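Under the numbering used here, the first residue of the sequence shown is numbered 50, with each subsequent residue one higher.
Notes follow once the structure below has been shown.
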Amino acid sequence: MSIPAVVQQHLEEAAHLRFVRTRLVRAHHIGLEALLRADERLAAHLDGLLVSADEALAQLQTMQAAKPKPDPAVLFVATVLALELRNERLTEDLIDQAATDEAQLRAVASAMGWVSAPTLRGLSGALLSSTDTTRRRLGLMACRLHRVDPGKWLPLAAQAEDAALRREALTLAGTLARVDGAQLCLDHLEDPDPACRRAAAIASVLQGDR
Numbered sequence: 050m051s052i053p054a055v056v057q058q059h060l061e062e063a064a065h066l067r068f069v070r071t072r073l074v075r076a077h078h079i080g081l082e083a084l085l086r087a088d089e090r091l092a093a094h095l096d097g098l099l100v101s102a103d104e105a106l107a108q109l110q111t112m113q114a115a116k117p118k119p120d121p122a123v124l125f126v127a128t129v130l131a132l133e134l135r136n137e138r139l140t141e142d143l144i145d146q147a148a149t150d151e152a153q154l155r156a157v158a159s160a161m162g163w164v165s166a167p168t169l170r171g172l173s174g175a176l177l178s179s180t181d182t183t184r185r186r187l188g189l190m191a192c193r194l195h196r197v198d199p200g201k202w203l204p205l206a207a208q209a210e211d212a213a214l215r216r217e218a219l220t221l222a223g224t225l226a227r228v229d230g231a232q233l234c235l236d237h238l239e240d241p242d243p244a245c246r247r248a249a250a251i252a253s254v255l256q257g258d259r
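The following block contains the structure:
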């Protein structure tokens, strides 16, 4: 039997820790030990929410309805629960909610990076093969966080008209050690989009071309 007050505490702590973690990973003075402690605390609260999933999802819905747009930290928690519970409908709804906001999109991608790679089986392929550029980008972000090669979808995304999708593809190319990755990045050093040129330059260095 779920205790609403306990579930609420797990939910508030999980959202807060996710917010804190986004700051920690960008802080140059924070070491891996501190990140590990934060991750362990976050994982414990997420486990507590999964034990009382129905109550947790109900409270999440109430929290989101009370705000004009979803809070990225709350959206992260909701997406982790949806993925772990294999709730495809909720997952699709959360992706749709995040489609027009960069911070929310990154929160959903972060949740995909948090869960294990097998949990995304089926979803990642659907995202990569989607006709929607935002969903394709989300699929690439998930691959980058798990360091998974998306195969043919990488060069196809790198040639897309959408600059954000090209940038994500180039960033992923810098993460992977693909044979064609270096040339793919070099080809975009004169991309019309400045952010893509920067991503291509960084990826080229990561591929070993200085």
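We treat Cβ as the ideally placed atom computed from N, Cα and C, and that holds for glycine.
It should be emphasised that the depicted structure is a prediction, and the values quoted were computed from it without experimental measurement.
What are the start and end residues of the alpha helix (DSSP H) that includes residue 204? 202 to 207
Own chain residues within Cβ distance below 8 Å of residue 194, not counting five before or after: 158, 159, 161, 162
If you measure between the beta carbons of residue 123 and residue 113, is that distance less than 8 Å? yes
As assigned by DSSP and simplified to three states, the class of residue 179: coil
Is the Cβ of residue 181 closer than 8 Å to any Cβ of chain B? No chain B appears in this structure, which consists of one protein chain only.
So the alpha helix (DSSP H) residue 233 belongs to, where does it begin and stop? 230 to 235
Using a threshold of 8 Å, state whether the C-beta atoms of residue 238 and residue 246 are closer than that. yes
Limits of the unbroken alpha helix (DSSP H) element including residue 159: 151 to 163
Residues near residue 64 in its chain [Cβ-Cβ closer than 6 Å; skip 5 each side]: 122, 123, 126
Just mark residue 96 as buried or exposed, buried being the case when its beta carbon has 16 or more other beta carbons within 10 Å. exposed
Cβ-based neighbour list, residue 214, same chain, cut-off 7 Å, excluding 5 preceding and 5 following: 182, 185, 186, 206
Determine whether the beta carbon atoms of residue 167 and residue 146 lie at a separation below 8 Å. no
Let me confirm a value: residue 223 is counted as buried when at least 16 other C-beta atoms fall within 10 Å, else exposed. Which label applies? buried
Can the beta-carbon of residue 188 be found closer than 8 Å to that of residue 176? yes
Contact belief for residue 218 with residue 244 at Cβ below 8 Å, rounded distance in angstroms: Going by Cβ atoms, the distance from residue 218 to residue 244 rounds to 12 Å, so no, they are not a contact pair.
Rounding to the nearest angstrom, what Cα-Cα distance links residue 116 and residue 106 in this structure? 16 Å
I need the straight-line Cα distance from residue 89 to residue 153, nearest angstrom please. 23 Å
Name the two residues that bound the continuous alpha helix (DSSP H) containing residue 140. 137 to 147
So the alpha helix (DSSP H) residue 276 belongs to, where does it begin and stop? Given a span of 50 to 259 for the chain in the structure shown, any question on residue 276 remains unanswerable.
Using the Cα positions of residue 55 and residue 171, report the straight-line distance between them to the nearest angstrom. 33 Å
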